[in-house]
DNA sequence: CTGAAAGCGCTTACAG
DNA sequence: CTGAAAGCGCTTACAG
């Protein structure tokens with residue numbers, strides 16, 4: 001099966017390759033209706049599929065973007081990825097998927113790979129401060145936008161969530177319900193979002209004179225981690241009426257442990273998560289959580305990236321989304 | 001930031017492009033140690049990243065594969081995708097992600113796109129019989145392998161699960177526990193795997209003279225579908241002691257509805273799912289299910305594909321995995 | 001309204 | 001041990 005090329009079509013149509021190329025690229029103002037139609041007809045008959053690799057080499061554009069994230073298996077990331085792919089596809093772009101498990105070296109490796117493939121831009125959910133990766137991207141002049149995970153750096157484009165405010169909303173909701181002994185489970189220390197979320201809790205609790213370090217626990221954003229930390233909480237905290245997990249996945253683990261120990265939810269203890277991942281509605285009772293507009297965020301990130309790629313003017317560097325409290329069954 | 005190319009390096013090293021190229025491709029048996037090292041050193045200093053698009057054009061190989069699946073947001077698919085990406089990456093390949101929502105037209109569109117990008121092969125989780133897509137792939141001679149969703153067609157490579165046997169195991173387990181009124185919830189009708197799973201149930205029930213059409217319900221593999229069908233079951237089936245959902249996600253929806261109606265699980269009703277998606281362990285009680293070796297399947301599929309791409313001999317056309325019953329809390 | 005030619009950055013026989 | 005040259009399939013000024 002010999003591949004059909006632009007030259008084959010040109011020959012059959014009795015025109016030059018340039019003419020054929022122009023027809024396919026809609027730069028055909030200057031081409032007569034007849035030749036255009038002849039070309040299109042032949043292309044159709046031969047089942048012609050253009051070779052976009054050749055095109056990329058000539059134009060220096062690939063119409064592919066990369067998406068670098070920790071783990072597609074984590075529902076938060078798969079939902080973001082879905083949004084990005086939808087938006088990218090609708091704008092004529094392909095998405096190449098890269099899982100890093102938060103490993104800095106894997107990020108760098110992927111970035112080099114993507115650059116070598118002439119990727120037009122990258123959406124990056126960083127596993128840490130990822131300094132070298134950011135440096136690489138800047139050095140090579142590859143447009144990129146961060147999502148979800150904030151990195152301190154000027155000249156950065158990104159779409160983020162107002163983590164601090166989201167947590168404040170949740171804590172105040174619990175406070176209004178008369179809860180006083182609110183345990184907080186932090187996220188991985190190296191992430192900026194973990195710090196922001198914790199600060200939202202700390203400030204609010206302090207404001208009401210309720211803050212105590214004994215109520216704060218270190219988590220890691222995983223299900224297992226959520227289970228383990230909850231065992232610790234049960235063992236070590238004399239009195240608690242709520243647990244605020246700084247992401248949903250840890251909350252799922254925690255709820256299992258609490259139920260096993262005979263706690264009633266929300267009777268004995270109120271639970272709040274963060275993210276509003278789709279499975280929040282899979283469990284019973286359904287999870288009360290601080291919802292990030294995940295799909296919107298992914299979509300905007302992709303949109304922003306493509307505007308950067310197209311060198312549009314006046315693109316906002318950073319977009320903030322306001323999360324909101326969704327009250328369901330656990331609080 | 002001018003991009004550095006092989007010519008720049010050649011010039012600086014005082015050799016030809018061919019020599020430089022050979023060094024990078026490890027075809028350098030014939031190149032003196034000194035020149036090799038000189039070239040490598042210069043490349044490093046200039047932070048050279050090869051242009052693999054140019055390479056692809058010259059070699060007709062892209063070291064990218066496509067993965068076409070219904071929805072990355074569905075945990076079953078995200079787990080498969082993860083396995084594929086891991087394996088692909090370890091073998092030097094990139095993965096481009098395509099979500100089809102089971103739409104035949106989107107599948108075709110993506111396939112054309114992927115072909116035009118000179119993708120080396122495709123992993124395809126089809127949304128139906130996808131005749132035209134399969135035809136396209138064959139016509140253009142693109143290696144592809146199917147996973148999970150079987151399609152009747154000779155000349156097809158794929159990795160599948162022994163759906164029939166898995167269901168038989170589950171039904172017999174329930175039977176052994178003394179259950180007799182086992183409701184079965186089918187998957188989407190157009191899928192071959194739905195038929196296989198249903199047949200496993202039907203044959204086993206008939207063998208023991210327990211089959212009745214009143215116990216069979218139509219589902220759609222979604223959470224909402226699982227909820228809806230379960231409402232129906234509660235309304236219409238006088239007596240049932242178990243429900244066998246033909247995938248986990250529907251089981252999650254069903255369990256919520258049953259709990260809300262006051263049923264005890266597994267006290268009043270036993271539940272079995274199919275897949276053993278990671279979230280099976282997120283809920284309480286944990287889901288008893290027929291486990292597919294999802295990660296293994298994805299990995300093998302990718303491996304098989306790459307062997308096809310490399311035109312290896314004696315590759316097995318079809319791999320079957322045996323699912324197995326995992327007994328947890330719901331049955 | 002259309003064509004000839006150069007170029008994108010590589011690889012690959014071939015020659016010496 | 002290394003180089004010159006053609007070619008992969010497109011696009012893009014430029015010329016007419």
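Chains as they are written, first to last, in the UniProt record's numbering: chain G, 1 to 331; chain F, 1 to 331. All residues carry an ideal CB built from backbone N, CA and C; glycine is no exception.
What residues of chain G sit near residue 278/F, judged by a beta carbon separation below 9 Å?
Counting from one through the second chain, the residue named residue 278/F turns up at place 278. In chain order: 73 and 223.
Please check the pair residue 68/F and residue 72/G, which I expect to be a contact at CB under 8 Å, by giving their CB distance rounded to whole angstroms.
Within the second chain, residue 68/F is the residue found at index 68, counting from 1. Within the first chain, residue 72/G is the residue found at index 72, counting from 1. Going by Cβ atoms, the distance from residue 68/F to residue 72/G rounds to 15 Å, so no, they are not a contact pair.
At a Cβ cut of 7 Å, what residues of the region 96-120 of chain F count as close to chain G, listed as they run along the chain?
Those residues of the region 96-120 of chain F that come within reach of chain G (Cβ to Cβ, closer than 7 Å) are 96, 97, 99, 112, 113, 115, 116, 117 and 118.
Taking contact to mean 3 or more Cβ pairs, one atom from each stretch, closer than 8 Å, check whether the region 260-277 of chain G and the region 231-241 of chain F are in contact.
no
How many angstroms separate the CA atom of residue 218/F from the CA atom of residue 282/F?
Walking along the second chain from the start, residue 218/F turns up at place 218. Walking along the second chain from the start, residue 282/F turns up at place 282. Cα to Cα, the separation comes out at about 26 Å.
If the cut is a Cβ gap below 8 Å, which residues of chain G does residue 240/F touch?
On the second chain, position 240 is the one that residue 240/F refers to. By Cβ distance, chain G contributes nothing, its closest Cβ being about 19 Å from residue 240/F, past 8 Å.
Beta-carbon spacing of residue 279/F, residue 318/G below 8 Å
As a position in the second chain, residue 279/F is number 279, starting the count at 1. As a position in the first chain, residue 318/G is number 318, starting the count at 1. It is not a contact, given that the beta carbons lie outside the stated cut-off.
Considering only the alpha carbon of each residue, which of 245/F, 132/F, 137/F and 225/F lies closest to residue 182/F?
Position 182 of the second chain, counted from the start, is the residue given in the question as residue 182/F. Per the Cα distances, 245/F.
Could you tell me which whole beta strand (DSSP E) segments of length 3 or greater appear in the region 166-209 of chain F?
182-186
Return the Cβ separation of residue 53/G and residue 301/G in integer angstroms, given the expectation that the two are a contact with Cβ distance under 8 Å.
Counted from its first residue, the first chain places residue 53/G at position 53. Counted from its first residue, the first chain places residue 301/G at position 301. That pair is no contact at about 27 Å.
Under 8 Å between C-beta atoms, does residue 21/F make it to chain G?
Along the second chain, read from residue 1 onward, the residue named residue 21/F stands at position 21. Cβ-Cβ to chain G under 8 Å: no for residue 21/F.
Tell me, which residues are paired with residue 98/F by DSSP?
Taking the second chain and counting its residues from 1, the one referred to as residue 98/F is at position 98. In the DSSP output, where bridge partners are listed per residue, residue 98/F has 68/F.
What does residue 51/F touch in chain G if you count any residue whose Cβ is under 7 Å from its own?
As a position in the second chain, residue 51/F is number 51, starting the count at 1. Neighbours of residue 51/F on chain G, chain order: 116 and 118.
Chain-ordered neighbours of residue 214/G on chain F, where CB pairs are closer than 8 Å:
Counted from its first residue, the first chain places residue 214/G at position 214. Near residue 214/G there are no residues of chain F at all, since even the closest Cβ is about 27 Å away, more than 8 Å.
Taking Cβ positions only, does residue 94/G come closer than 8 Å to chain F?
The sequence position of residue 94/G within the first chain is 94, counting from 1. By this cut-off, residue 94/G is an interface position.
Which runs of the beta strand (DSSP E), 3 residues or longer, sit entirely within the region 265-320 of chain G?
270-275 and 289-291
Pick helix, strand or coil for residue 123/G, following the three-state DSSP scheme.
Along the first chain, read from residue 1 onward, the residue named residue 123/G stands at position 123. In the structure shown, residue 123/G sits in a strand (DSSP, three-state: E or B).
Near-chain G residues of the region 253-264 of chain F - C-beta to any C-beta below 8 Å:
253, 255, 256, 259 and 260
What span of residues does the alpha helix (DSSP H) with residue 78/F cover, start to end?
Here residue 78/F corresponds to residue number 78 of the second chain, with the count starting at 1. 75-90 is the span of the alpha helix (DSSP H), which, as asked, contains residue 78/F.
Rounding to the nearest angstrom, what Cα-Cα distance links residue 121/F and residue 127/F in this structure?
Locating residue 121/F in the second chain gives position 121, counting from the first residue. Locating residue 127/F in the second chain gives position 127, counting from the first residue. Whole-angstrom Cα-Cα distance: 18 Å.
Return the CA-CA distance between residue 100/F and residue 208/G, expressed in angstroms with no decimal places.
Position 100 of the second chain holds residue 100/F. Position 208 of the first chain holds residue 208/G. Cα to Cα, residue 100/F sits roughly 51 Å from residue 208/G.
Give me the chain G residues within the contact set of residue 57/F, using Cβ-Cβ distance strictly less than 9 Å, ordered along the chain.
Sequence index remark: in the second chain, residue 57/F carries index 57 (1-based). Correct list: 51, 53, 54, 56 and 57.
If we cut at 8 Å on Cβ distances, does residue 43/G have a partner in chain F?
The residue labelled residue 43/G in the question sits at position 43 within the first chain. Not one chain F Cβ lies under 8 Å of residue 43/G.
Could you please give me the residues that DSSP links to residue 146/F through a beta bridge?
Residue 146/F sits at position 146 when you count from the first residue of the second chain. DSSP output for residue 146/F lists 124/F and 158/F as bridge partner(s).
Specify whether the region 247-257 of chain F and the region 218-230 of chain F touch according to this definition: at least 3 beta carbon pairs, one from each stretch, less than 8 Å apart.
Yes: the two stretches touch, three or more of their Cβ pairs being nearer than 8 Å.
Grouping DSSP H, G and I as helix and E and B as strand, with all else coil, what is residue 244/G?
The count along the first chain starts at 1 and reaches residue 244/G at position 244. Strand, per DSSP.
Which residues, in order along the region 283-295 of chain F, keep a beta-carbon less than 7 Å from a beta-carbon of chain G?
283 and 284
Check whether the Cβ atoms of residue 114/F and residue 158/F sit closer than 8 Å, and answer yes or no.
Start at 1 with the first residue of the second chain, and residue 114/F comes out as number 114. Start at 1 with the first residue of the second chain, and residue 158/F comes out as number 158. No, they are not a contact pair.
Are residue 169/F and residue 290/F touching if we call contact CB-CB under 8 Å?
Here residue 169/F refers to the residue found at position 169 when the second chain is read from its first residue. Here residue 290/F refers to the residue found at position 290 when the second chain is read from its first residue. Between residue 169/F and residue 290/F, the C-beta spacing is below 8 Å.
Residue 325/G to residue 314/G span [Cα, whole Å]
The residue given as residue 325/G occupies position 325 in the first chain. The residue given as residue 314/G occupies position 314 in the first chain. Whole-angstrom Cα-Cα distance: 32 Å.
Residue 301/G CB to nearest chain F CB: under 8 Å?
By one-based count along the first chain, residue 301/G stands at place 301. Contact with chain F is absent for residue 301/G, since none of that chain's Cβ atoms lies less than 8 Å from the residue's Cβ.
Which residue's Cα is closest to the Cα of residue 77/G: 98/G, 51/G and 203/G?
Your numbering for residue 77/G matches position 77 in the first chain. Cα-wise, what sits closest to residue 77/G is 98/G.
Does the region 11-28 of chain F touch the region 194-212 of chain G, meaning 3 or more C-beta pairs lie closer than 8 Å?
In the pairwise beta carbon analysis, the region 194-212 of chain G is classified as not touching the region 11-28 of chain F: fewer than three pairs are separated by under 8 Å.
Check the C-beta distance from residue 321/G over to residue 296/G and give it rounded, since I have them as a contact under 8 Å.
To locate residue 321/G, count along the first chain from 1; it is residue 321. To locate residue 296/G, count along the first chain from 1; it is residue 296. Indeed, because the Cβ distance is near 7 Å, the residues count as touching under 8 Å.
Any contact between the region 8-18 of chain G and the region 38-51 of chain G? By contact I mean 3 or more CB pairs, one from each, below 8 Å.
yes
Shorter than 8 Å from the beta carbon of residue 81/G to some beta carbon of chain F?
Here the question's residue 81/G lines up with position 81 in the first chain. So yes, residue 81/G belongs to the interface.
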